[in-house]
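**Q**
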Amino acid sequence: VLLDQASRLALDGAYKTIMNKHPQLDRALEAAMEPLPEEMRDPGSESLAKNDVAARWVADTKAMMANGAKAQKAGSDAALRVFGTAPGSYGAGVNRLADRSGAWDDRGKVADAYTRRMGYAFGGDKEGGRPAHDAFKDRLDDVGRTYLGRASHVYGLLDNDDGFDFQGGLSMAVEHETG
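For the sequence shown, UniProt numbering begins at 1 and goes up steadily by one.
1) If you compare alpha carbons, which of Tyr155, Glu177, Gly149 is closest to Phe166?
2) By Cβ distance below 8 Å, which residues in the same chain neighbour Lys114 in space, the five residues on each side in sequence not counted?
3) Is Tyr15 buried or exposed, if buried means 16 or more other CB atoms sit within 10 Å of its CB?
4) Just how far apart, CA to CA, sit Ala10 and Asn51?
5) Roughly how many angstroms separate the alpha carbons of Arg100 and Asp106, rounded to a whole number?
6) Near Ala74, which residues of its chain fall below 6 Å by C-beta distance, leaving aside the five closest residues on each side in sequence?
7) For the alpha helix (DSSP H) holding Gly13, just list the boundary residues, first then last.
8) Would you mind working out which of Arg8, Asp161, Asp26, Gln24 sits nearest Ala98, comparing C-alpha positions?
9) Excluding five sequence neighbours on each side, which residues of the same chain lie with their C-beta closer than 7 Å to the C-beta of Val53?
10) Work out the CA separation of Thr17 and Glu39 for me, nearest whole Å.
11) In this structure, does DSSP put Arg41 in helix, strand or coil?
12) In the DSSP assignment, the beta strand (DSSP E) including Gly84 goes from what residue to what residue?
13) Check Arg116 in the structure and name its three-state DSSP category.
14) Quick check on Phe164: does DSSP put it in helix, strand or coil?
15) Taking 9 Å as the threshold (C-beta atoms), are Glu46 and Ser76 in contact?
Right, dumping it as structure tokens:
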């Protein structure tokens with residue numbers, strides 16, 4: 001199961017609860033669930049108190065709709081969980097800014113560069129990699145810690161700049177979004 005499908009499965013676990021307690025979100029919920037194959041669907045009655053993914057989806061969807069987003073777009077965007085660079089691109093861009101440290105005087109500029117490069121959503125549509133910078137920033141709001149996992153020792157942490165490009169950029173973006 002892909003990560004994007006896993007978050008939608010969690011949302012499906014509270015499907016009946018959401019429909020009963022928040023009937024105004026019916027079109028938004030259907031839009032969020034559309035990418036999940038029918039054979040994987042099993043609408044559940046899990047409480048929102050026990051299902052953090054669904055509770056966050058409800059809050060985010062309501063906020064987007066209150067700000068004027070159409071139900072379908074709000075529901076779909078609130079379900080996004082996988083982000084990266086635009087298709088065909090590589091790198092978060094932080095390494096280039098680090099090389100030109102005199103070109104910026106505020107950590108927020110580095111964080112903004114990271115979110116611009118990494119704010120493309122994957123999952124939920126056929127092509128993937130669509131711009132979703134606001135949704136990406138919304139996901140960063142709840143991040144408490146970042147972690148750089150390493151699956152290989154072929155290259156050391158200092159052998160290239162990927163560590164600070166991705167992990168450093170993510171940490172700065174979280175810091176910038178959460179204050």
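Don't be surprised by glycine CBs; every beta carbon is placed ideally from N, CA and C.
**A** On the basis of the supplied data:
1) Gly149
2) One point to set straight first is that residue 114 is Tyr, not Lys, in the sequence displayed. The residues are Ala92, Gly93, Val94, Gly169, Leu170, Met172, Ala173.
3) buried
4) Cα to Cα, the separation comes out at about 7 Å.
5) 13 Å
6) The beta carbon of Ala74 lies closer than 6 Å to those of Ala28, Thr61, Met64, Met65 in the same chain, with the five residues before and after it left out.
7) 3-13
8) Comparing alpha carbon positions, the residue from Arg8, Asp161, Asp26, Gln24 closest to Ala98 is Asp161.
9) Ser7, Ala10, Leu11
10) 20 Å
11) Here Arg41 carries a coil assignment [DSSP, helix/strand/coil].
12) 82-84
13) helix
14) helix
15) no
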